[in-house]
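In the working numbering, the protein residues as written are 5 to 324. Beneath this line is the structure, given in structure tokens, with notes to follow.
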Amino acid sequence: MKKFFVLWVALSLCVPLLYAGGQKEAEKVNLIIATGGTAGTYYPFGGAMAQIWNTNIKGMNVTAQATGASKENIRLVGKGEAELAIVQNDVMDYAFKGIELFNGEKIESFATIATLYPEIVQIVVNPDSGINSVADMKGKSISVGDAGSGVEANAKQVLEAYGLTFNDLQAKRLSFRESASALKDKQIDGFFVTAGIPNPAIQEIATLGRVKLLSIDSAAKQKLMEKYKFYTPYTIKKETYSGMQQDAETLAVKATLIVSKKLKDDTVYNLTKVLFEQQPALAQAHAKGKELSLQEAVKGVSVPFHPGAEKYYKEKGVVK
Numbered sequence: 005m006k007k008f009f010v011l012w013v014a015l016s017l018c019v020p021l022l023y024a025g026g027q028k029e030a031e032k033v034n035l036i037i038a039t040g041g042t043a044g045t046y047y048p049f050g051g052a053m054a055q056i057w058n059t060n061i062k063g064m065n066v067t068a069q070a071t072g073a074s075k076e077n078i079r080l081v082g083k084g085e086a087e088l089a090i091v092q093n094d095v096m097d098y099a100f101k102g103i104e105l106f107n108g109e110k111i112e113s114f115a116t117i118a119t120l121y122p123e124i125v126q127i128v129v130n131p132d133s134g135i136n137s138v139a140d141m142k143g144k145s146i147s148v149g150d151a152g153s154g155v156e157a158n159a160k161q162v163l164e165a166y167g168l169t170f171n172d173l174q175a176k177r178l179s180f181r182e183s184a185s186a187l188k189d190k191q192i193d194g195f196f197v198t199a200g201i202p203n204p205a206i207q208e209i210a211t212l213g214r215v216k217l218l219s220i221d222s223a224a225k226q227k228l229m230e231k232y233k234f235y236t237p238y239t240i241k242k243e244t245y246s247g248m249q250q251d252a253e254t255l256a257v258k259a260t261l262i263v264s265k266k267l268k269d270d271t272v273y274n275l276t277k278v279l280f281e282q283q284p285a286l287a288q289a290h291a292k293g294k295e296l297s298l299q300e301a302v303k304g305v306s307v308p309f310h311p312g313a314e315k316y317y318k319e320k321g322v323v324k
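In structure tokens, the structure reads:
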């Protein structure tokens with residue numbers, strides 16, 4: 005009995021020693037998440053995600069970097085200058101296939117972590133411009149987004165549904181903030197934005213009563229959804245921006261979190277796990293966090309998931 009007691013005590017002492025010995029000092033991981041311009045949603049939301057990861061994953065140091073958004077972000081990940089990025093799901097589809105904005109420039113060095121929230125095609129015009137539909141934009145001064153941006157691609161596609169091209173407009177290529185400022189100063193008649201709502205740049209000028217949002221008519225929407233499978237219908241409620249007189253019927257794509265394929269599976273698993281398990285904290289840090297959904301995160305994805313993200317989704321039963 006005495007021998008048994010001594011053995012039991014010895015084994016009891018070994019358990020915490022083995023546990024402590026099995027713990028490794030947290031590996032330092034420094035990552036950059038490419039986001040967007042400071043007047044958009046990507047930059048502050050990327051910063052909020054970085055803070056959540058840094059707080060909840062030992063050794064993790066994610067830094068949010070302001071960029072020109074989707075197209076630039078994919079290139080940054082492709083060149084190894086960023087490990088994470090927020091992009092439109094349509095733009096990442098172009099990159100992975102080497103079409104549209106990435107014609108002849110196929111980039112396959114990234115994978116998907118999750119879709120984050122809907123990004124709405126918002127068509128903003130000066131109420132005094134005489135523009136009541138997309139068709140009325142012919143001959144008008146319109147900002148179609150930064151050159152090479154996802155916004156520019158969306159603008160091109162929407163205009164084509166109305167039989168128009170950039171050559172039919174006085175097309176300007178401005179950022180969200182530049183577009184809003186130019187509209188306020190009556191330097192342009194309207195602009196396209198693809199972003200979460202409410203968008204800060206639009207909010208800023210809406211308070212001045214200088215905003216009208218156009219709808220995309222049913223025929224044009226149907227045409228676009230049949231040709232481009234990443235589009236879904238969306239209604240912008242009139243309460244979204246100050247001064248809106250009626251709802252605007254439009255289309256949406258999805259903001260998506262991508263990652264370099266080079267990142268370790270366990271690192272991506274932890275990033276994915278913490279993103280969803282800390283969703284309430286993310287929602288407090290940024291309003292878009294409220295729209296993050298485990299069930300929706302695996303939808304609208306044409307680029308394969310990173311194995312680390314896929315492992316988490318399989319554990320949760322949202323993918324097979």
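Cβ coordinates follow ideal geometry from the N, Cα and C atoms, glycine included.
Quick check on this structure: which residue in the options has the alpha carbon closest to the alpha carbon of residue i?
| i | options | result |
| --- | --- | --- |
| isoleucine 56 | Leu178, Gln282, Ala118, Arg181 | Gln282 |
| phenylalanine 100 | Leu88, Ile90, Phe114 | Phe114 |
| alanine 210 | Gly200, Gly63, Leu187 | Leu187 |
| leucine 93 | Gly134, Lys258, His310 | Reading the sequence as shown, one finds asparagine at residue 93 and not leucine. Answer by Cα proximity: Lys258. |
| valine 263 | Ala256, Leu255, Thr254, Tyr273 | Tyr273 |
| lysine 303 | Lys268, Asp172, Leu261 | Leu261 |
| histidine 290 | Thr39, Met53, Lys227 | Met53 |
| isoleucine 61 | Glu319, Leu275, Lys268 | Leu275 |
| valine 197 | Gly63, Pro122, Tyr232 | Pro122 |
| proline 131 | Glu87, Gly72, Arg214 | Arg214 |
| alanine 165 | Ile220, Ser297, Tyr238, Glu182 | Ile220 |
| leucine 89 | Thr71, Leu286, Val125 | Before going on, a small fix: residue 89 reads as alanine here, not leucine. Here the closest residue by C-alpha is Thr71. |
| leucine 218 | Lys324, Leu120, Ile127 | Ile127 |
| isoleucine 78 | Gly51, Asn65, Thr116 | Thr116 |
| lysine 241 | Leu80, Ile124, Ala301 | Ile124 |
| leucine 120 | Gln174, Ala287, Lys324 | Ala287 |
If we count the other Cβ atoms within 10 Å of its Cβ and call it buried at 16 or more, is residue i buried or exposed?
| i | result |
| --- | --- |
| lysine 75 | buried |
| alanine 151 | exposed |
| glutamine 299 | exposed |
| aspartate 270 | exposed |
| glycine 134 | exposed |
| glycine 84 | exposed |
| phenylalanine 266 | Before going further, note that residue 266 is lysine rather than phenylalanine in the sequence given. Lysine 266 is exposed by the Cβ-count criterion. |
| serine 222 | exposed |
| leucine 212 | exposed |
| glutamine 27 | The pLDDT assigned to glutamine 27 is 31, lower than 50, so where the model puts this residue is not dependable; a value taken from the coordinates is nonetheless given after this. Classification for glutamine 27: exposed. |
| glutamate 2 | Any answer about residue 2 is impossible in this case: the structure gives the chain only from 5 up to 324. |
| leucine 182 | Rather than leucine, the amino acid found at residue 182 in this sequence is glutamate. Buried, because 16 or more other Cβ atoms sit within 10 Å of the Cβ of glutamate 182. |
| asparagine 136 | exposed |
| threonine 239 | exposed |
| glutamate 230 | exposed |
| asparagine 3 | This structure cannot settle anything about residue 3, because the visible part of the chain is limited to 5 through 324. |
| glutamate 112 | exposed |
What number of angstroms, rounded off, separates the C-alpha of residue i from the C-alpha of residue j?
| i | j | result |
| --- | --- | --- |
| glutamine 249 | alanine 184 | 19 Å |
| asparagine 158 | glycine 167 | 14 Å |
| valine 1 | threonine 42 | No answer is possible for residue 1: the residues shown for the chain start at 5 and end at 324. |
| aspartate 193 | threonine 59 | 45 Å |
| proline 308 | isoleucine 103 | 17 Å |
| glutamine 226 | lysine 292 | 27 Å |
| serine 179 | alanine 118 | 26 Å |
| serine 246 | valine 305 | 34 Å |
| leucine 255 | phenylalanine 195 | 16 Å |
| lysine 190 | isoleucine 206 | 15 Å |
| leucine 105 | threonine 169 | 16 Å |
| glutamate 295 | isoleucine 37 | 20 Å |
| valine 138 | glutamate 319 | 46 Å |
| aspartate 172 | serine 145 | 10 Å |
| glycine 321 | methionine 141 | 47 Å |
| lysine 216 | glutamate 31 | 51 Å |
| threonine 67 | arginine 177 | 28 Å |
| glutamate 109 | lysine 315 | 30 Å |
| tyrosine 317 | methionine 64 | 22 Å |
Under three-state DSSP, which class holds residue i?
| i | result |
| --- | --- |
| alanine 43 | coil |
| alanine 313 | helix |
| glutamine 161 | helix |
| glutamate 331 | A query on residue 331 cannot be resolved here, the shown segment of the chain reaching from 5 to 324 and no further. |
| glutamate 109 | coil |
| alanine 118 | strand |
| alanine 151 | coil |
| valine 138 | helix |
| isoleucine 37 | strand |
Is the CB of residue i under 8 Å away from at least one CB in chain C?
| i | result |
| --- | --- |
| methionine 96 | The structure shown contains no chain C; it is built from a single protein chain. |
At what residue ranges does the region 45–104 contain a whole run of the beta strand (DSSP E), taking only runs of 3 or more? Entirely contained in the region 45–104, the beta strand (DSSP E) runs reaching 3 residues are, in chain order, 64–69, 88–92.
Which whole runs of the beta strand (DSSP E) in the region 175–221 are 3 residues long or more, in chain order? 194–199, all fully within the region 175–221.
Note down, one range per segment and in chain order, each alpha helix (DSSP H) of at least 4 residues found wholly within the region 264–302. Runs of the alpha helix (DSSP H) lying entirely within the region 264–302, each at least 4 residues long, are 269–281, 283–289 in chain order.
Curious, which full-length beta strand (DSSP E) runs of at least 3 residues does the region 233–268 contain? If one requires a minimum length of 3 residues, the beta strand (DSSP E) runs lying completely within the region 233–268 are 236–240, 252–264, in chain order.
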